[in-house]
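One structure is given below, encoded as structure tokens.
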Amino acid sequence: IPGNHDWIDGLETFTREIQHKGWMGGWLMPQEKSYFALRLPLGWWLFGFDLALVQDIDMQQYRYFANVVEQRMEPGDQVILMTHEPLWLLEWYWHRCLGANLRQLVRGHLRGRARLHLAGDLHFYMRHSWARAAWSRHPHDPEHLVVSGGGGAFLHPTHVCVRAFKVCGHFSYVCRAAYPSPRASLALGRKNLHLFRLKNTRFDVIGGVVYFLLVVSVLPRCSSHLAAVLEAESPAAAALHLLAAYLDTLAAIVGRSYGQGRGGAGAVASGRPHVPCCLVRRTRELSVAFAAAHTLTHVSLAVWLVLLLELGVETCIRYEGLGADGPHSLYRWYRAYEQEHFPDPMGLRESLERWTLGLYPRALQLAMWVYDVPELIAVSRTAMCAAGGSLDAISRLQAVGYYTGMLAYYWLLATPAMGFVFGLYLYLSVCWCHVHFDEAFSSLREPGFKSFVRLHLRPDGHLELFTLALDEVPSRW
345 IPGNHDWIDG
355 LETFTREIQH
365 KGWMGGWLMP
375 QEKSYFALRL
385 PLGWWLFGFD
395 LALVQDIDMQ
405 QYRYFANVVE
415 QRMEPGDQVI
425 LMTHEPLWLL
435 EWYWHRCLGA
445 NLRQLVRGHL
455 RGRARLHLAG
465 DLHFYMRHSW
475 ARAAWSRHPH
485 DPEHLVVSGG
495 GGAFLHPTHV
505 CVRAFKVCGH
515 FSYVCRAAYP
525 SPRASLALGR
535 KNLHLFRLKN
545 TRFDVIGGVV
555 YFLLVVSVLP
565 RCSSHLAAVL
575 EAESPAAAAL
585 HLLAAYLDTL
595 AAIVGRSYGQ
605 GRGGAGAVAS
615 GRPHVPCCLV
625 RRTRELSVAF
635 AAAHTLTHVS
645 LAVWLVLLLE
655 LGVETCIRYE
665 GLGADGPHSL
675 YRWYRAYEQE
685 HFPDPMGLRE
695 SLERWTLGLY
705 PRALQLAMWV
715 YDVPELIAVS
725 RTAMCAAGGS
735 LDAISRLQAV
745 GYYTGMLAYY
755 WLLATPAMGF
765 VFGLYLYLSV
775 CWCHVHFDEA
785 FSSLREPGFK
795 SFVRLHLRPD
805 GHLELFTLAL
815 DEVPSRW
């Protein structure tokens, strides 16, 4: 049967490779539709449904399976239902009824002959069975609901779905088995705190650049608050001046920087639909507040990091004399050292300069200017602050060098901090609020905990399910 990924291209690949082929791997392929009813031995049937992307069967399927039930099945036959999505878990999670046509087929036509419902889509093994109280369940619903999706994709958490739940008004099912166990699932979710950045190294590029774009328009910070931090008489006074610098920078981003302010508002708006369900299910205002808090955390972290970097540059300028000699001080020192220790009585250096049309000393000067990034930053920052923060005080090449140097240092600060914040957010979401399980577990790239189900019909007509599982998969074959 096709899954949700098969419907991305409108079922074209599935139709070409499954329905329009007679043989595959030595097996006969008699299937002509995306759904089927297969007669099994000993009075059993397998119904494979195509839920497409609407989480229900259409009327054509409904009529097909109703005719099979009424015309081909014996009164004592039993049925295994198979869908690509576990509708019972989606109903519980999203608090709405799904699959009305499928439910009518099960309750109105099969009337208790559907014994098992198999599904995949979620990447784990889980079995829900009837609760003991007969009054709490519908008599015609399947006795067992099994999710078997632990074949090859990334792992999904099981601790999210192990509760007893109701199916459209009937409190009917409790979780009897789950793999991996809920305790192991929670332990895996906690790995986001310390493994998110190590498992997703390419995220550093995105994180560092996005954080820098948030604060680049407020560089350099020439306010008196940073200077006051270095001159404070007590740690408390320094903290107050640093807080004032933070509020001033935040106001500059929100109030005067149109691009960054609009981007922050867009992050709040885009984050609202994806906030934890423990907030969404209550009020829309709480969901917006949670998204705003998440956005403010990243913006605040970006501001604190740029203030830390600016404070370091200010310290080096004030107490270490960084940039006091102006631009190209390293090149001037080298030329003086060269003249003192490597005399040139034949004038080879002057001839080389003349033959290369001045390229020789200019290229050396530019290389040393690019190499001495701290001096480049300090000289450009001093000139811009003297001009009230305007870029008019420096050349375009100096501006490019200044912002590139600041990006390099800021990137070193921002990438581990942003990785930790995202890991913390995913940990809180999946372990506490039970959302973002796709993002939280796909980021871990957990290769273990694979499983699959084998069905066995005994000679006496009873159906047995055997689940084979492997905690650790081989890394070398």
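For the sequence shown, position 129 (counting from the first letter as 1) is numbered 473 according to our numbering, and the numbering increases by one without interruption.
In this text, a Cβ means the ideal position worked out from N, Cα and C, and glycines have one as well.
Contact check, residue i vs residue j, beta carbons under 9 Å
| i | j | result |
| --- | --- | --- |
| residue 442 | residue 434 | yes |
| residue 388 | residue 345 | no |
| residue 386 | residue 799 | no |
| residue 382 | residue 348 | no |
| residue 548 | residue 763 | yes |
| residue 494 | residue 795 | yes |
| residue 784 | residue 768 | no |
| residue 566 | residue 728 | yes |
| residue 568 | residue 468 | no |
| residue 652 | residue 660 | no |
| residue 753 | residue 717 | yes |
| residue 593 | residue 647 | yes |
| residue 504 | residue 437 | yes |
| residue 541 | residue 760 | yes |
| residue 823 | residue 485 | Look at the range of the chain in this structure, 345 to 821, and you will see that residue 823 is not part of it. |
| residue 817 | residue 809 | no |
| residue 585 | residue 595 | no |
| residue 775 | residue 534 | yes |
| residue 723 | residue 670 | yes |
| residue 793 | residue 814 | yes |
Integer-rounded CB distance, given that residue j should sit under 8 Å from residue i
| i | j | result |
| --- | --- | --- |
| residue 502 | residue 524 | 6 Å |
| residue 461 | residue 489 | 5 Å |
| residue 539 | residue 788 | 7 Å |
| residue 556 | residue 751 | 5 Å |
| residue 570 | residue 658 | 6 Å |
| residue 758 | residue 552 | 5 Å |
| residue 426 | residue 392 | 5 Å |
| residue 401 | residue 431 | Wrong, their Cβ atoms sit about 11 Å apart, outside the cutoff. |
| residue 573 | residue 580 | That pair is no contact at about 12 Å. |
| residue 696 | residue 704 | 5 Å |
Best match in the options for proximity to residue i [C-alpha to C-alpha]
| i | options | result |
| --- | --- | --- |
| residue 449 | 580, 408, 500, 498 | 408 |
| residue 590 | 773, 676, 559, 688 | 559 |
| residue 725 | 499, 403, 668 | 668 |
| residue 532 | 819, 791, 814, 810 | 791 |
| residue 519 | 566, 504, 473, 497 | 473 |
| residue 639 | 467, 809, 765 | 765 |
| residue 394 | 406, 487, 378 | 378 |
| residue 497 | 697, 810, 786 | 786 |
| residue 421 | 780, 412, 633 | 412 |
| residue 491 | 811, 731, 821 | 811 |
| residue 781 | 536, 444, 414 | 536 |
| residue 747 | 418, 719, 645, 414 | 719 |
| residue 440 | 399, 417, 470 | 399 |
| residue 711 | 732, 545, 745 | 745 |
| residue 733 | 353, 414, 564, 390 | 564 |
Strand pairing of residue i, partner residues [DSSP]
| i | result |
| --- | --- |
| residue 813 | 795 |
| residue 808 | 800 |
| residue 380 | 392 |
| residue 519 | 472 |
| residue 427 | 463 |
| residue 492 | 469 |
| residue 690 | Paired residues: none, contrary to the question. |
| residue 368 | 371 |
| residue 458 | 423 |
Per-residue burial, residue i [other beta carbons within 10 Å of its own, 16 or more giving buried]
| i | result |
| --- | --- |
| residue 516 | buried |
| residue 614 | Per-residue confidence for residue 614 stands at a pLDDT of 45, beneath the threshold of 50, marking its modelled position as unreliable; no derived number is given. |
| residue 721 | buried |
| residue 677 | exposed |
| residue 562 | buried |
| residue 522 | buried |
| residue 458 | buried |
| residue 806 | exposed |
| residue 403 | exposed |
| residue 597 | buried |
| residue 736 | exposed |
| residue 429 | buried |
| residue 599 | exposed |
| residue 350 | buried |
| residue 738 | buried |
| residue 416 | exposed |
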